[in-house]
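Student: Right, I'll just put the structure down here and ask away after.
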Amino acid sequence: MSENSTNELKEKLFTKKKNACLTLSDEEISIAYDFCEDYKKFLDVAKTEREAVKEAVMLAKANGFVEFDFDKKLKPGDKVYKVNRDKAILLAVIGTDDISEGVRISAAHIDSPRVDLKQNPVYEDSELALFKTHYYGGIKKYQWTTIPLSLHGVVYLENGEKVEINIGEQESDPVFCITDLLPHLAASQMKRPSSEVVKGEELNILIGSRPFKDDKESEKVKLNILKLLNEKYGILEDDFVSAELEAVPAFKAKDLGFDRSMVGAYGQDDRVCAYTALKAILDTTAPKKTAVTVLTDKEETGSDGNTGLNSSYLTYFLSDLAENMGAIPRHVISASECLSADVNAAVDPTFPDVTEARNASKINYGVVVTKFTGARGKSGTSDASAEYVYRVRDLLDKNGVVWQTGELGKVDIGGGGTVAQYIANLDIDVIDVGVPILSMHAPFEIASKVDTYMAYRAFKVFFAD
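For what it's worth, my numbering labels the leading residue of the sequence shown as 42, then goes sequentially.
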């Protein structure tokens, strides 16, 4: 066989996956970059699940969505949304096809790893005031020390009044910090295993140092802090019991790299998929199949709880849509399809040994289609069927969406899960489709602008098909 024939055969048979920056036009890359300007703004104002829901509602209303009313008969083109306890949201655009033929669902999560305040958090030690915390989700605890933190959440006061807290995001705001030992005194600390270099009970947030002058008793700094909180917010120490307060990095989303090709920010797992799935449904106007986006809570802790997808609120919403339009709920649900919108781990050239190169996702290679997640022997995963993988592959190819495949590391290294398994348990075809991320679960995560835009395009064509 001649060299030319061999090359032709390779061209025909081998995979053609390439870096999207080499295949897209300059105009297409510019569109992706422009798309990420609003994405960065979303990241800055939606650092918690509550804030993400609040922003989603605002954007939905601006795009013609109204709150779902079961008693109001739905018709094609209607746009509705429903909020679940201020920490999850469902949005739907009613299609022209009979809803009995199923709906198209994109499902992303809006919670991210962080540091939560305990129920009795305020204390004083060595004339410093601090918060006791309990971290949320999987983190490398040492990454959360010595960085500026902002405080977000809600407090319900003794009289039932709800107070919203957002401190540390404005230039004039103070920030907070978890301290760490100086290297000169850290010999014993550095002998600990990396998972214990900073222990969970050592993630204490420094919040003040000025004592209350007129107090002759102990805990003068704590008293001064509580005085300031009471004067500004009406908070008493007992009110922390009925509070949800989260400490997150005070960083703003920034362009990353000399070429500005990436976005660096906190919470891109999974707000990069949440934003693109949200934007896709906001831009959907006249679909054939009814389109549904669900932005859910609690994925980082296993999806349990009444705002996580291991609960029934998605089922109830789909059932309400079906009954409103005269269909049998279980028939609608079983006929539905879903893209579980969640991120994957991009190859990190500094740490290549944890990934298997042929089956790992790469920055700038497009949106990642992940057939299965789970750990080791595929535990905790839905493992999409060959039929549904082809369905998604064909859809993306026909619409010019740049995509790749990937898995969460080598087989015996670790792994992880998404909401796909809970949707699959409803008898819905589902597969994970999302953006490859560097430094996942760190306080500052990295995503490609091209990959982010391709995620939006994937969800958009899924709704339009």
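Beta carbons are placed, not taken as given, at the ideal position from N, Cα and C, and that holds for glycine. These numbers were taken from a predicted model, which means no experiment stands behind them.
Residues in the same chain with beta-carbon distance under 8 Å from D36, minus the five sequence neighbours each way, listed in chain order, please.
Tutor: Summary: the structure shown does not reach residue 36, with the chain confined to residues 42 through 506, and so no result is reported for it.
Student: Inspect the CB distances between the segment 142 to 149 and the segment 180 to 187 and report whether three or more fall short of 8 Å.
Tutor: no
Student: Who are the Cβ neighbours of K293 in its own chain at under 7 Å, not counting the five residues just before and after it?
Tutor: The residue labelled residue 293 in the question sits at position 252 within the sequence shown. These residues qualify, in order along the chain: D85.
Student: On the three-state DSSP scale, how would you describe N351?
Tutor: Sequence index remark: in the sequence shown, residue 351 carries index 310 (1-based). Correct three-state label for N351: coil.
Student: Could you spell out where the alpha helix (DSSP H) holding E513 opens and where it closes?
Tutor: Residue 513 lies beyond the stretch modelled for the chain, which goes from 42 to 506, so this question has no answer here.
Student: D177 bridges to which residues according to DSSP?
Tutor: Indexing the sequence shown from 1 puts residue 177 at position 136. Note that residue 177 is Tyr in the sequence shown, not Asp. According to DSSP, Y177 bridges with R155.
Student: Could you say if the segment 441 to 453 and the segment 479 to 487 meet the contact criterion of at least three C-beta pairs nearer than 8 Å?
Tutor: No, they do not touch.
Student: Residue range of the alpha helix (DSSP H) that K320 falls in?
Tutor: One-based indexing of the sequence shown puts residue 320 at position 279. Start and end: Q309 to L323.
Student: Is the distance from the Cβ of Y122 to the Cβ of V144 below 9 Å?
Tutor: Start at 1 with the first residue of the sequence shown, and residue 122 comes out as number 81. Start at 1 with the first residue of the sequence shown, and residue 144 comes out as number 103. No, Cβ-Cβ distance for Y122 and V144 is not below 9 Å.
Student: For F358 versus F109, is the C-beta spacing smaller than 9 Å?
Tutor: The count along the sequence shown starts at 1 and reaches residue 358 at position 317. The count along the sequence shown starts at 1 and reaches residue 109 at position 68. Taking 9 Å as the Cβ cut-off, F358 and F109 qualify as a contacting pair.
Student: For T414, which of helix, strand or coil comes out of DSSP?
Tutor: If you number the sequence shown from 1, residue 414 lands on position 373. Of the three classes helix, strand and coil, the one that applies to T414 here is coil, per DSSP.
Student: Apart from the five residues on each side of it in sequence, which residues of its chain come closer than 6 Å, Cβ to Cβ, to A332?
Tutor: Working through the sequence shown from its first residue, we reach residue 332 at position 291. The beta carbon of A332 sits closer than 6 Å to the beta carbons of V134, R145, I322, T325 and F504 from its chain, once the five residues preceding and following it are set aside; these are given in chain order.
Student: Inspect the beta-carbon positions of K490 and R251 and report whether they are closer than 9 Å.
Tutor: Within the sequence shown, residue 490 is the residue found at index 449, counting from 1. Within the sequence shown, residue 251 is the residue found at index 210, counting from 1. Not a contact, by the Cβ cut-off of 9 Å.
Student: Any idea which residues DSSP pairs A368 with across the strands?
Tutor: Indexing the sequence shown from 1 puts residue 368 at position 327. DSSP output for A368 lists no bridge partner at all.
Student: How should G136 be labelled, buried or exposed, when 16 other C-beta atoms within 10 angstroms of its C-beta is the threshold for buried?
Tutor: Taking the sequence shown and counting its residues from 1, one reaches residue 136 at position 95. Label assigned to G136: buried.
Student: I want to know whether the segment 125 to 132 touches the segment 225 to 239 - three or more CB-CB distances under 8 Å.
Tutor: no
Student: Less than 8 Å between the CB atoms is what I'm expecting for S381 and V471, so what's the real figure, rounded?
Tutor: Residue mapping note: residue 381 aligns to position 340 of the sequence shown, counting from 1. Residue mapping note: residue 471 aligns to position 430 of the sequence shown, counting from 1. Going by Cβ atoms, the distance from S381 to V471 rounds to 5 Å, so yes, they are a contact pair.
Student: Please classify S480: does DSSP put it in a helix, a strand, or coil?
Tutor: Translated into the one-based positions of the sequence shown, residue 480 becomes position 439. Coil at S480, not helix or strand.
Student: Between P290 and I404, which are expected to be in contact by the criterion C-beta below 8 Å, what is the C-beta distance as a whole number of angstroms?
Tutor: For the purposes of this step, residue 290 is taken as the residue at position 249 of the sequence shown. For the purposes of this step, residue 404 is taken as the residue at position 363 of the sequence shown. Between I404 and P290 the Cβ distance is about 21 Å, and since that is not below 8 Å, they are no contact.
Student: Is the separation between the beta-carbon of L436 and that of V335 shorter than 9 Å?
Tutor: Translated into the one-based positions of the sequence shown, residue 436 becomes position 395. Translated into the one-based positions of the sequence shown, residue 335 becomes position 294. No, Cβ-Cβ distance for L436 and V335 is not below 9 Å.
Student: Whole-angstrom Cβ separation of K284 and L192, contact assumed at under 8 Å?
Tutor: Counting from one through the sequence shown, the residue named residue 284 turns up at place 243. Counting from one through the sequence shown, the residue named residue 192 turns up at place 151. It should be pointed out that residue 284 corresponds to Ala in this sequence rather than to Lys. Between L192 and A284 the Cβ distance is about 11 Å, and since that is not below 8 Å, they are no contact.
Student: Could you compute how far the alpha carbon of I140 sits from the alpha carbon of K330?
Tutor: In the sequence shown, the residue the question calls residue 140 occupies position 99. In the sequence shown, the residue the question calls residue 330 occupies position 289. For the pair I140 and K330, the Cα-to-Cα distance works out to about 7 Å.
Student: In its own chain, which residues sit with a C-beta less than 8 Å from the C-beta of N385, not counting the 5 before and 5 after it?
Tutor: Here residue 385 is taken as the residue at index 344 of the sequence shown, counted from 1. Answer for N385: S402, V409, T411, G447, E448, L449, D473, G475, V476, P477 and I478, listed in chain order.
Student: Around the Cβ of D468, are there at least 16 other Cβ atoms within 10 angstroms (buried) or fewer (exposed)?
Tutor: Here the question's residue 468 lines up with position 427 in the sequence shown. D468 comes out exposed.
Student: Can you tell me whether DSSP reads Q211 as helix, strand or coil?
Tutor: As a working note, residue 211 is residue 170 in the sequence shown. DSSP places Q211 in coil when its eight states are reduced to three.
Student: For L169, collect the residues of the same chain with a Cβ closer than 8 Å to its Cβ; drop the 5 residues on either side in sequence, then sort them by chain order.
Tutor: Counting from one through the sequence shown, the residue named residue 169 turns up at place 128. If we look at L169 and ignore the five residues flanking it on each side, its Cβ neighbours are L247, G249, S250 and V262.
Student: Just checking my contact of L222 with K182 at CB under 8 Å: how many whole Å lie between their CB atoms?
Tutor: Your numbering for residue 222 matches position 181 in the sequence shown. Your numbering for residue 182 matches position 141 in the sequence shown. About 14 Å separates the two Cβ atoms, so there is no contact after all.
Student: Can you give me the Cβ contacts of T64 inside the same chain, cut-off strictly under 8 Å, excluding the 5 residues immediately before and after it?
Tutor: Taking the first residue of the sequence shown as 1, we reach residue 64 at position 23. Same-chain partners within the cutoff: V443.
Student: Please return the same chain residues whose Cβ sits closer than 6 Å to the Cβ of Y494, not counting the five positions on each side in sequence.
Tutor: In the sequence shown, the residue the question calls residue 494 occupies position 453. Cβ within range, chain order: A73 and F76.
Student: Is the distance from the Cβ of I208 to the Cβ of P215 below 9 Å?
Tutor: Position 167 of the sequence shown, counted from the first residue, corresponds to residue 208. Position 174 of the sequence shown, counted from the first residue, corresponds to residue 215. Result yes, Cβ atoms of I208 and P215 sit closer than 9 Å.
Student: For A227, name the three-state secondary structure that DSSP assigns.
Tutor: As a working mapping, residue 227 is identified with position 186 in the sequence shown. Three-state result, A227: coil.
Student: Short of 7 Å in beta carbon distance, which residues of its chain neighbour K320, apart from the five on each side in sequence? Order them along the chain.
Tutor: Counting from 1 along the sequence shown, the entry for residue 320 is found at position 279. Same-chain partners within the cutoff: Y497.
Student: Rounded to the nearest angstrom, what separates G178 and D310 at their Cα positions?
Tutor: Stepping through the sequence shown from its first residue, residue 178 is reached at position 137. Stepping through the sequence shown from its first residue, residue 310 is reached at position 269. Those two C-alpha atoms are separated by around 11 Å.
Student: Determine the direct distance from the alpha carbon of N265 to that of V204, and round the result to whole angstroms.
Tutor: Taking the sequence shown and counting its residues from 1, one reaches residue 204 at position 163. Taking the sequence shown and counting its residues from 1, one reaches residue 265 at position 224. Cα atoms of V204 and N265: separation of roughly 20 Å, rounded to the nearest angstrom.
Student: Which value, in whole angstroms, describes the spacing of the CA atoms of E237 and A425?
Tutor: Numbered from its first residue, the sequence shown carries residue 237 at position 196. Numbered from its first residue, the sequence shown carries residue 425 at position 384. The alpha-carbon atoms of E237 and A425 are separated by roughly 37 Å.
Student: Within a Cβ cutoff of 8 Å, which residues of the same chain sit near V464, ignoring the five residues on either side of it in sequence?
Tutor: Residue 464 sits at position 423 when you count from the first residue of the sequence shown. Residue 464 is actually Ile in this sequence, not Val. Counting only Cβ-Cβ distances below 8 Å, and skipping sequence neighbours, we find I146, A148, L350, L355, C379, S381, S423 and V471.
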